[in-house]
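Residue numbers for the sequence shown follow my numbering, so the first one is 297 and each next one is one higher.
Quick reminder that beta carbons are idealized off the backbone N, C-alpha and C, glycines included.
Computed from a predicted structure; not experimentally measured.
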Amino acid sequence: MTEGKLLVDGDAVRALAMALPEAEPSTSATEAWAPLKRDHFGQRWADVDHNGCDTRNDILGRDLRSPQFQPGTRDCKVIAGVLEDPYTGQSIPVDAETISKSVQIDHVVPLHWAWLHGADKLTDDQRRQLANDPDNLAAVASSANAAKSDSGPAEWLPRPEDQCSYVATFTAVLQKYSLTIDPADRSAIVDLSNRC
Numbered sequence: 297m298t299e300g301k302l303l304v305d306g307d308a309v310r311a312l313a314m315a316l317p318e319a320e321p322s323t324s325a326t327e328a329w330a331p332l333k334r335d336h337f338g339q340r341w342a343d344v345d346h347n348g349c350d351t352r353n354d355i356l357g358r359d360l361r362s363p364q365f366q367p368g369t370r371d372c373k374v375i376a377g378v379l380e381d382p383y384t385g386q387s388i389p390v391d392a393e394t395i396s397k398s399v400q401i402d403h404v405v406p407l408h409w410a411w412l413h414g415a416d417k418l419t420d421d422q423r424r425q426l427a428n429d430p431d432n433l434a435a436v437a438s439s440a441n442a443a444k445s446d447s448g449p450a451e452w453l454p455r456p457e458d459q460c461s462y463v464a465t466f467t468a469v470l471q472k473y474s475l476t477i478d479p480a481d482r483s484a485i486v487d488l489s490n491r492c
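Structural data, given as structure tokens:
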């Protein structure tokens with residue numbers, strides 16, 4: 297998502313959003329959240345691609361400009377670089393002391409949101425893949441990740457310049473994992489795709 301501006305076909309995003317199955321009305325968010333544990337999505341930052349690096353460092357290495365790696369880690373542990381935050385547009389230089397506080401790895405489709413939209417019906421392996429899927433992950437400013445939290449596109453969007461690529465990614469991940477969408481999020485994606 298952060299490897300340069302994506303050219304987004306608004307018609308394709310709109311068609312995909314319209315084709316997604318609609319979420320069934322659920323109980324309150326509090327009740328729906330209760331059965332979810334982070335462990336349902338497997339080991340946090342697993343090495344799902346078996347390259348010897350955990351997913352967090354794979355994404356930092358992909359998304360930071362000029363990443364620097366801790367010696368002796370086979371270019372796995374990222375200790376410095378510059379984040380060009382896709383959500384805020386900020387340029388954030390980080391080093392070994394600031395990287396874990398300044399940069400977080402965001403699930404574009406948040407895991408809680410995904411759980412409420414069908415991830416509870418996925419297999420353990422599918423949920424682990426979703427939680428560690430590079431297509432669903434982006435290095436972002438910690439403050440932006442906190443502001444977004446578990447929101448869907450109806451409640452939160454990045455800065456205008458990156459909204460089209462964000463909803464294109466969000467919609468593609470829903471399709472990839474056969475997740476559902478509620479009317480408000482579908483409407484937000486369709487409305488936005490008209491401007492892409």
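With respect to C492, A450 sits apart: the two C-beta atoms are not nearer than 9 angstroms.
Here A437 is bridged, per DSSP, to V399.
A376 is positioned such that its CB atom lies closer than 9 angstroms to that of D391. In this structure, L488 is the residue among N428, A468, L488, A435 with its C-alpha nearest to the C-alpha of P456. Restricted to the region 339 to 410, the beta strand (DSSP E) segments that are unbroken, complete and at least 3 residues in length are 360 to 365, 374 to 380, 387 to 390, 399 to 403, listed in chain order. The shortest CA-to-CA distance from A435 to any of W411, L418, D481, D381 is the one to D381. The region 409 to 422 and the region 465 to 474 touch, with no fewer than 3 CB-CB distances between them shorter than 8 angstroms. Around the beta carbon of G448, 16 or more other beta carbons sit within 10 angstroms, so the residue counts as buried. C-alpha of D343 to C-alpha of A315: approximately 32 angstroms in a straight line. Residue state for E457 is assigned as helix, using DSSP reduced to three classes. Judged by their CB atoms, D402 and K333 are not nearer to each other than the 9 angstroms cut-off. Around the C-beta of R370, fewer than 16 other C-beta atoms lie within 10 Å, and the residue is accordingly described as exposed. Taking C-beta separations shorter than 8 angstroms and ignoring five residues to either side along the sequence, the partners of S398 in its chain run L379, I388, V390, A437, S438, following chain order.
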